[in-house]
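Numbering (our numbering), first residue to last: 70 to 199.
A quick write-up on the structure given underneath.
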């Protein structure tokens with residue numbers, strides 16, 4: 070239940086359930102993507118789904134479980150072992166766009182979330198090699 074006195078984006082959009090759905094829907098796309106799926110060594114994307122859920126929760130004002138379990142996010146460093154080129158970025162955004170569409174957020178919340186996701190995706194690009 071949303072707390073009407075809340076001022077965090079996390080609470081405004083429905084808390085953990087929303088970010089968990091975002092991660093689950095996102096990884097449904099990743100599971101069939103020939104470029105992104107090989108970046109996940111685990112056959113089961115469940116652990117990746119949980120990590121992404123915890124990251125989003127923490128980023129948007131929810132529990133700090135991500136940092137408690139994994140330390141500082143250091144997103145660029147964590148993604149450095151992978152070839153994140155513009156094609157990988159665009160595929161990531163494609164699957165994330167489909168996942169965001171399933172959330173039924175208000176236009177303002179969706180725009181806020183999408184703005185962050187686009188900036189984050191661009192920041193992860195670490196090569197322009199094919």
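Beta carbons are placed, not taken as given, at the ideal position from N, Cα and C, and that holds for glycine.
These figures come from a predicted structure and were not determined experimentally.
>> Rounding to the nearest angstrom, what Cα-Cα distance links residue 197 and residue 79 in this structure?
In response: 34 Å
>> Suppose you measure from the CA of residue 128 to the CA of residue 112; what does that come to, to the nearest Å?
In response: 26 Å
> Around the Cβ of residue 84, are there at least 16 other Cβ atoms within 10 angstroms (buried) or fewer (exposed)?
Replying inline: buried
> Residue range of the alpha helix (DSSP H) that residue 113 falls in?
Replying inline: Unbroken run through residue 113: none, as it is neither H nor E.
> Within 10 angstroms of its Cβ, does residue 118 collect 16 or more other Cβ (buried), or is it exposed?
Replying inline: buried
>> I'd like to check one pair, residue 87 with residue 172: are the Cβ atoms closer than 7 Å?
In response: yes
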